[in-house]
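First comes the structure, then the notes that go with it.
Numbering (the UniProt record's numbering), first residue to last: 1 to 213.
This is the structure:
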């Protein structure tokens, strides 16, 4: 039996997911969480039980102003006897995908995935394998094919903050780097995107799906 925790701030979404998952005899939803913080607490409780009672966490990325799903993912995957975390979200940007992978997510699915794909991904994640939506896998493969044109994780972070209207000084403070390093990242970003301004870089990145619109 594969035991599952649903973490999403929309009760209707959780109810829909539970209905799909529990049609399968080998899947059981053992807990639900409406915030990322609650997801972490619940995962801690379930994994500390004897025997550990949690195999997979289905994690949304966005929880309003609460802790983000990617932060909860990092905390959960760092636990002893940690469950697998499968991201289920509406966002398919490079920034979100890279952050989730870096946080230790075992898979990444979009919420418009058909039920069969969701069920297969849960089983794949529970088996300790990677479960990526086809579109997400394609994006990662494109990054591998053209590394000289792909933004690094840090460059994506810098550009996301630029898109949010942050100054170089604010970006440096938030990322704990120097302003000179921020400027260096921006030069590399402009070169890779073929632009010459912050506004053009933001527009190009959104158009290419590198950061959220």
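Heads up, the beta-carbon is just placed ideally off N, CA and C, and yes, glycines get one too.
Helix, strand or coil for residue i? Go by DSSP, reduced to three states.
| i | result |
| --- | --- |
| residue 65 | coil |
| residue 132 | strand |
| residue 2 | strand |
| residue 97 | helix |
| residue 51 | coil |
| residue 171 | helix |
| residue 114 | coil |
| residue 18 | helix |
| residue 42 | helix |
| residue 142 | helix |
| residue 127 | coil |
| residue 24 | coil |
| residue 37 | helix |
Could you spell out where the beta strand (DSSP E) holding residue i opens and where it closes?
| i | result |
| --- | --- |
| residue 32 | 27–33 |
| residue 79 | First-last for residue 79: undefined, no H or E at that position. |
| residue 110 | 107–110 |
For residue i, count the other beta carbons within 10 Å of its own beta carbon; 16 or more makes it buried, fewer makes it exposed. Which is it?
| i | result |
| --- | --- |
| residue 129 | exposed |
| residue 176 | exposed |
| residue 183 | exposed |
| residue 59 | buried |
| residue 194 | exposed |
| residue 10 | exposed |
| residue 38 | buried |
| residue 230 | The first residue shown for the chain is 1 and the last is 213, placing residue 230 beyond what the model contains. |
| residue 47 | buried |
| residue 149 | exposed |
Following the continuous alpha helix (DSSP H) through residue i, name the residue where it begins and the one where it ends.
| i | result |
| --- | --- |
| residue 160 | 153–163 |
| residue 193 | 179–193 |
| residue 201 | 198–208 |
Since residue i sits in a beta bridge, which residues does DSSP pair it with?
| i | result |
| --- | --- |
| residue 59 | 7 and 87 |
Would you grab the beta carbon distance between residue i and residue j for me? Rounded to a whole angstrom, and I think it's under 8 Å.
| i | j | result |
| --- | --- | --- |
| residue 198 | residue 162 | 5 Å |
| residue 82 | residue 36 | No, residue 82 and residue 36 are not in contact; Cβ-Cβ is about 16 Å, not under 8 Å. |
| residue 166 | residue 98 | The pair is not a contact, with the Cβ atoms about 19 Å apart (cut-off 8 Å). |
| residue 189 | residue 155 | 5 Å |
| residue 57 | residue 85 | 5 Å |
| residue 5 | residue 44 | Contact doesn't hold; Cβ gap of about 11 Å is too wide. |
Answer yes or no: the CB of residue i versus the heavy atoms of the ligand MG, is any distance below 8 Å?
| i | result |
| --- | --- |
| residue 75 | Ligands are entirely absent from the displayed structure, and the ligand MG is therefore not among its contents. |
Would a check of beta-carbon distances place residue i closer than 9 Å to chain D?
| i | result |
| --- | --- |
| residue 82 | Included in the structure is just one protein chain, with no chain D present. |
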